[in-house]
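Colleague:
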Amino acid sequence: MAAHRLSPSLNRLLFTGKYAAFQSRWCALHSNVKYSTTYNPNEKTFDKILIANRGEIACRVIKTCKKMGIQSVAVHSDVDSTAVHVKMADEAVCVGPAPTNKSYLNVEAIMDAIRTTGAQAVHPGYGFLSENKEFAKRLAAEGVTFIGPDTHAIHAMGDKIESKLIAKAAKVNTIPGFDGVVKTAEEAVKISQEIGYPVMIKASAGGGGKGMRIAWNDEETREGFRFSSQEAASSFGDDRLLIEKYIDNPRHIEIQVLADKHGNALWLNERECSIQRRNQKVVEEAPSTFLDTDTRRAMGEQAVQLAKAVQYSSAGTVEFLVDSKKNFYFLEMNTRLQVEHPITECITGLDLVEQMIRVAKGYQLQHKQEDIPINGWAIESRVYAEDPYKSFGLPSIGRLSQYQEPLNLSNVRVDSGIQEGSDISIYYDPMISKLVTYGATRAEALSRMEDALDNYVIRGVTHNIPLLREIITHPRFISGDISTNFLPEVYPDGFKGHQLEVNTRRELLASAAALYITAQLRSQNVLGNLRVSSTPVKCNRWELCGELGDGLHSMEVTKSGNVYTVEVDGEKVEVSGQFNLASPLLPLTINGTDRMLQCLSRDASGKIVLQYLGTSFKLRILSKLAAELNSYMPEKVPEDTSSILRSPMPGTVVAVSVKPGDTVAEGQEICVIEAMKMQNSLTAVKQAKVKHIHCKPGETVGEGDLLVELE
Amino acid sequence: MMAAFSVARSSCGLLAGLRLTSFRSLAPVKYAAVAAVAVPQTNLVRDCRRYSVGHLSVKERIDKKRKAALVGGGQHRIDAQHKRGKLTARERVELLLDPDSFVESDMFVEHRCSDFGMEQDRNKFPGDSVVTGRGRINGRLVYVFSQDFTVFGGSLSGAHAQKICKIMDQAMTVGAPVIGLNDSGGARIQEGVESLAGYADIFLRNVLASGVVPQISLIMGPCAGGAVYSPALTDFTFMVKDTSYLFITGPDVVKSVTNEDVTQEELGGAKTHTTVSGVAHHAFENDIEALLNMREFFNFLPLSNQDPSPIRECHDPSDRLVPSLDGIVPFETTKAYDMLDIIHTIVDERDFFEIMPNYAKNIVVGFARMNGRTVGIVGNQPKVASGCLDINSSVKGARFVRFCDAFNIPIITFVDVPGFLPGTAQEYGGIIRHGAKLLYAFAEATVPKITVITRKAYGGAYDVMSSKHLRGDVNYAWPSAEVAVMGAKGAVQIIFRGKENQAEAEAEYVKKFANPFPAAVRGFVDDIIEPSTTRKKICRDLEVLASKKQVNPWKKHANIPL
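Heads up: the protein sequence lines correspond to chains A and B, in order. Residues 170 to 880 in this note's numbering are what the first sequence spells out, letter by letter. Residues -11 to 550 in this note's numbering are what the second sequence spells out, letter by letter.
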């Protein structure tokens, strides 16, 4: 795998343009992705493609369109009118207001956009209309090419019940379960008992973890049935559910397939997607540490058998659950480009979007199975705007006040559809980007991922970098000992951020102290001709007190040149580096080790928030005097939150299950909030009487909004 | 009158001292002289007691007095102060100023009251109920007084006032700011009219110093009755949450006069004054945060009206482009955005010290730096009440603009204003009179004035917001700017009253006027700029404007419509 680095001079050049950030990112994407197959400009292709999607995947597709010399048309909702994909495309058409069912799912408006722009083909990306056979049919009727499989394959694989039957017939290993539609909660309980707990209840039309619930007993089955059918109805407009045996502690490994319209099909190796939360993938890698050559080939061949069985064309993914004995079971087939496709591109050198376009145009595959390599290792971290401290990630919204991708590092690819100033809104998926690193070995890719996460500047929204960095540095992950239960097993009490040890704690305090002194010294540096002369404090030794968590630490700082020596609780720590007080990044050398810290905030009263080892830590640095006097300051009593229910995230109130005067038991559901198409049940933390209800179904609420008061 | 009174007192004391000398022939003559000057109020009863204590040398007596001054009202009162979550007057000064920079004055001053037993030794405290002096904040000179609640509840005696007046006079002489740390129960009742005279002496100095040196009040305890007018006259009033109060009359009097039940906190707490009354400019969590923030705030201010706006070493490139600004103004003219987002990205290091962040939020004012130099920022806030101008926002803006103008701080104005707020509440409240204040303030200001129209600049409010016509030095418009008499709908209703095809006419009006061209072709804006270049352009302009000289016609003083 070749290294793809933006030369520093080029980078500088790119940053001086009128739309500098935009240009640099865009060019960087081009230069950072290297495909081993070179595009053949003489091969005739479409003149114009419409991308029926938004965000990073729309940008991703447009990028390949540009490479192939194809005109691109973006569609967008009104709130997305200044989005990156709109700016990148050659043409853009507004297809409706913000809610997805009125814009990106609005088939009529998109058909109109195709007609007015004269697009010859449509790339649907993932999600939205990508697996909607009606849309594919409409396109076919108008003579527009759908860049994806035939409606037949979408239909066959889109239905989980049917797909399982087809898989069985194609001699693909399947999971024991009920091959039919479940109509009522009681029926669900009966079937579950027959299959034996645990069971998985999932939407027949589902995908992406939406409308999925695991049940371990009858009661959970009833609840799961209710939630899944509601979610399925709101996400897919189809509330049919199915139930199957839930394989405990499985790995989620999927095979990328690529097929043409001439009966050729390839498997492009696997992707390990076991690190998930609430059935949504968080960290993916290719290849998997778990598969041996034989298992890989067996899975690949079964995947190809299935693709052939449905006359599949285009790129697709066959998902398998793999148990600890390397038995694998067919889970489902995704008839679209997957979110995590970049890691496959990294290790195989193929541009999957380009291949999809070629196949759609009717060309045969260029490769034979033996041409498909595994070159090195690639890791993908999904960077989300969400709070990882709440159930491993509840959506957060906001404006990206500062945003800087770590593209200054080599072997880093960032697929994103946002830029500094973009809004992460409640209407769409809260994914910020896909951060991909690669290297000759897994260790190399992992170490680069660490650097990339540390160099990634995201301000204005809460993000999951703390969790991502903890995952990729966890000994179990490093050794490859993972399963889909990784997160709940490693963090049984929920994710709490990086846990500092004695020496890292000291290093963090010392860094904060050095930053504090730098700022203090800078304040004394008043420039210009002064009428009244300034007499700065002559001092190169400072006594400070650092507060971190519950601990108070006395510190003594001395400075010589650019090197701070900080004695924390009697232990010396040496900190040096360029302290640029305007930069969000703080590259320091701490006791000889290079560390990239980030300064998230710093205020006059000594409060400093630093991102260190991925997690942000709140510190307070005070002079010794101020710290002593601080003991007299009264503790402000925080609001008693046990009797107040606030919205943990922005979203829409779907249901309020109580009314004033009701007595609720601990754990009883009070209301349901839907955000990013996920329904979240909010429950009482104690037994109490409901005093006031401040929300009603259908209302939009922000994070922290008061919903219900208990007595 | 006051001076004469003091002299009479002093001569009285001198006589007492002399009497003592003759009575105690063994005592050195020097002793009497010192007693006469430093402790003019001594009388026979006290002297007898002191005699019985023993023979103290002058040096010992100085040490003793200094020691006594350092503990104010004594340890148990200090403990009580701490228990209230408050620091003592001296602790506050120590924290506010650079280490070892405090130079105290009048440590030996004592009150001169002899009524109601005040003359007794136990009622005398060296320094009385205020600590005064000068010091440095980040190396820069400042005069400070800090009222000592542990001595007679920080009440204001003649001596207390005299001490404050002395440092204010010195501050005026050298040209350095005055910071007052207020923590006082009010007038020293025992002294009666002398206390009142003391207040007036301070008020007069507040007024004379106004516009000469910056004056800042930090309310760190009670401040009631006439006392409130000193903070009210200063440039900025900051408060400490939960422990400070400002009111003319306390809850008891309110109850007896108007029969209203109200707590101290509701009547005059930090929340009330920073959100409802607009009396205070900022509130802080506790004493420590207040003092540390005061240090930070002080860094923004010039020492006096003789000094230029201060420049601090800057790490943020002055030519930094801000691409995110190119998409910050929504296409829909009715959609709000946060003016603070614009301000944060344009100024140095996203560092913005907002003044009155919770009052009249439809206008944003505060201090920031551009390429290291302090600037005052004024911006309409589309997020609140569409950013319209009303009574409170006009007054808030006007006061801030006048401060900046008085102290040579360039003013950068971000305009997105749909007009003045209509309605009876506003008209009856005198929006005409109050709106005129902001107009007046911008018009009279002679400091560098840079204006950026981000979106709407409608009607009279356009004129008010540091327009070209009010001597704006550089006026920019973003491509999203709409400079017009009013919004399209209203304009069309007037121009085409009763006509059909209103929608068509509206579209025509929008095309013609809802853009920066009508203003640009007339030279009312100097340039239409890419939002991303705003920081770079402003920094460059400020460099040129640093030498701006503009003088208003001579007048005794201007007559702002109060």
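We treat Cβ as the ideally placed atom computed from N, Cα and C, and that holds for glycine.
Below 8 Å on the Cβ atoms is my guess for V435 (chain B) versus I399 (chain B); work out the distance and round it to an integer in Å.
Modeller: So it is a contact: roughly 6 Å between Cβ atoms.
Colleague: State yes or no: is the beta carbon of A267 (chain A) nearer than 8 Å to at least one beta carbon in chain B?
Modeller: Chain B, which has no Cβ nearer than 8 Å to the Cβ of A267 (chain A), makes this no.
Colleague: Hey, which unbroken runs of the alpha helix (DSSP H) at 4 residues or more fall wholly within the segment 439 to 496 of chain A?
Modeller: Those alpha helix (DSSP H) runs which fall completely within the segment 439 to 496 of chain A and span 4+ residues are 462 to 478.
Colleague: Flag this pair as yes or no: are the beta carbons of I441 (chain B) and A472 (chain B) separated by less than 8 Å?
Modeller: Result no, Cβ atoms of I441 (chain B) and A472 (chain B) do not sit closer than 8 Å.
Colleague: Taking 8 Å as the threshold (beta carbon to beta carbon), is P436 (chain B) in contact with chain A?
Modeller: Chain A, which has no Cβ nearer than 8 Å to the Cβ of P436 (chain B), makes this no.
Colleague: With 8 Å set as the bound, which would you pick, yes or no: does the beta-carbon of Q362 (chain A) sit closer than that to a beta-carbon of chain B?
Modeller: No, its Cβ sits nowhere closer than 8 Å to a Cβ of chain B.
Colleague: First and last residue of the beta strand (DSSP E) that includes P389 (chain A)?
Modeller: Looking at the sequence itself, residue 389 (chain A) is Glu, so the reference to Pro does not match. Unbroken run through E389 (chain A) is the alpha helix (DSSP H), 387 to 405; no beta strand (DSSP E).
Colleague: Between which two residues does the alpha helix (DSSP H) carrying T434 (chain B) extend?
Modeller: Careful: T434 (chain B) lies outside any alpha helix (DSSP H) and carries neither H nor E.
Colleague: Helix, strand or coil for C392 (chain B)? Go by DSSP, reduced to three states.
Modeller: Helix.
Colleague: Taking C-alpha atoms, which residue in B:T246, B:S244, B:D275 lies nearest to A258 (chain B)?
Modeller: Checked all of B:T246, B:S244, B:D275; the closest Cα to A258 (chain B) is B:D275.
Colleague: Determine the extent of the beta strand (DSSP E) in which P756 (chain A) is found, giving its start and end residues.
Modeller: Segment 754 to 759, the beta strand (DSSP E) holding P756 (chain A).
Colleague: Where G141 (chain B) and S816 (chain A) are concerned, what is the direct C-alpha to C-alpha distance, given to the nearest angstrom?
Modeller: Going by the C-alpha atoms only, they are around 46 Å apart.
Colleague: Following the continuous alpha helix (DSSP H) through S361 (chain A), name the residue where it begins and the one where it ends.
Modeller: First-last of the alpha helix (DSSP H) with S361 (chain A): 354 to 364.
Colleague: Got a sec: does the ligand SAM put a non-hydrogen atom nearer than 7 Å to the Cβ of A188 (chain B)?
Modeller: This structure simply doesn't include the ligand SAM, nor any ligand for that matter.
Colleague: Should H148 (chain B) be labelled buried (16 or more other beta-carbon atoms within 10 Å of its own) or exposed?
Modeller: So H148 (chain B) counts as buried.
Colleague: Out of curiosity, what's the CA-to-CA distance linking G312 (chain A) and N749 (chain A)?
Modeller: Taking the straight line from one Cα to the other gives about 58 Å.
Colleague: Looking at E488 (chain A): is its Cβ nearer than 8 Å to the Cβ of N503 (chain A)?
Modeller: Cβ distance < 8 Å, so E488 (chain A) and N503 (chain A) count as in contact.
Colleague: Give me, in chain order, the residues of the same chain whose beta-carbon lies closer than 6 Å to that of D387 (chain A); leave out the 5 immediate sequence neighbours on both sides.
Modeller: Cβ within range, chain order: V358.
Colleague: Buried or exposed, going by whether 16 or more other CB atoms sit within 10 Å of the CB of A428 (chain A)?
Modeller: Flag for A428 (chain A) reads buried.
Colleague: At a cut of 8 Å, does the segment 672 to 683 of chain A reach the segment 735 to 745 of chain A through at least three beta carbon pairs?
Modeller: Segments in contact, yes.
Colleague: Going by other Cβ atoms of all chains shown within 10 Å of its Cβ, with 16 needed for buried, is D67 (chain B) buried or exposed?
Modeller: When all chains shown are included, D67 (chain B) counts as exposed.
Colleague: Under 9 Å Cβ-Cβ, which residues of chain B neighbour I795 (chain A)?
Modeller: As written in the sequence, residue 795 (chain A) is Ala, which differs from the Ile given in the question. What A795 (chain A) touches in chain B: L83, I276, L279, L280.
Colleague: Taking 8 Å as the CB-CB cut-off, is L129 (chain B) touching chain A?
Modeller: It does; some Cβ of chain A falls within 8 Å.
Colleague: List the residues of chain A whose Cβ lies closer than 8 Å to the Cβ of R300 (chain B), in chain order.
Modeller: Chain A residues near R300 (chain B): R691, S692, N694, V695, L696.
Colleague: Please classify T353 (chain A) as buried or exposed, where buried requires at least 16 neighbouring CB atoms within 10 angstroms.
Modeller: With fewer than 16 Cβ atoms within 10 Å of its Cβ, T353 (chain A) is classed as exposed.
Colleague: Should E454 (chain A) be labelled buried (16 or more other beta-carbon atoms within 10 Å of its own) or exposed?
Modeller: Buried is the call here.
Colleague: What are the residues of the segment 308 to 323 of chain B that lie near chain A, defined by any Cβ-Cβ distance shorter than 9 Å?
Modeller: Those would be R308, L309, V310, P311, S312, L313, D314, G315, I316, P318, F319, E320, in chain order.
Colleague: Looking only at its own chain, which residues have a Cβ that is under 7 Å from the Cβ of H536 (chain A), when we skip the five neighbours before and after it?
Modeller: Here the set comprises L435.
Colleague: Taking just the CA atoms, how far does L637 (chain A) sit from I548 (chain A)?
Modeller: Near 11 Å, if we compare the C-alpha coordinates of L637 (chain A) and I548 (chain A).
Colleague: Determine, for D157 (chain B), whether the minimum Cβ-Cβ distance to residues of chain A falls below 8 Å.
Modeller: For D157 (chain B), the answer is no, since every Cβ of chain A falls outside 8 Å of its Cβ.
Colleague: G163 (chain B) versus chain A: which residues are under 8 Å apart at the beta carbon?
Modeller: Result: R700, V701.
Colleague: Is the segment 486 to 493 of chain B in contact with the segment 263 to 273 of chain B, if contact means three or more CB pairs nearer than 8 Å?
Modeller: Cβ pair count under 8 Å is below three, so no.
Colleague: Check distances from the C-beta atoms of the segment 351 to 365 of chain B to those of chain A and list, in chain order, the residues that come in under 9 Å.
Modeller: So the close ones are G360, R361.
Colleague: Can you list the residues of chain A that Q294 (chain B) reaches, using a CB-CB cut of under 8 Å?
Modeller: Going along chain A in sequence order, the residues near Q294 (chain B) (Cβ under 8 Å) are R700.
Colleague: Please look up how many angstroms separate the CB atoms of G518 (chain A) and Y204 (chain A), rounded, as I've assumed it's under 8 Å.
Modeller: Confirmed, about 5 Å.
Colleague: Give me the Cα-Cα distance between I548 (chain B) and L274 (chain A), rounded to the nearest whole angstrom.
Modeller: The straight-line gap from Cα to Cα measures roughly 60 Å.
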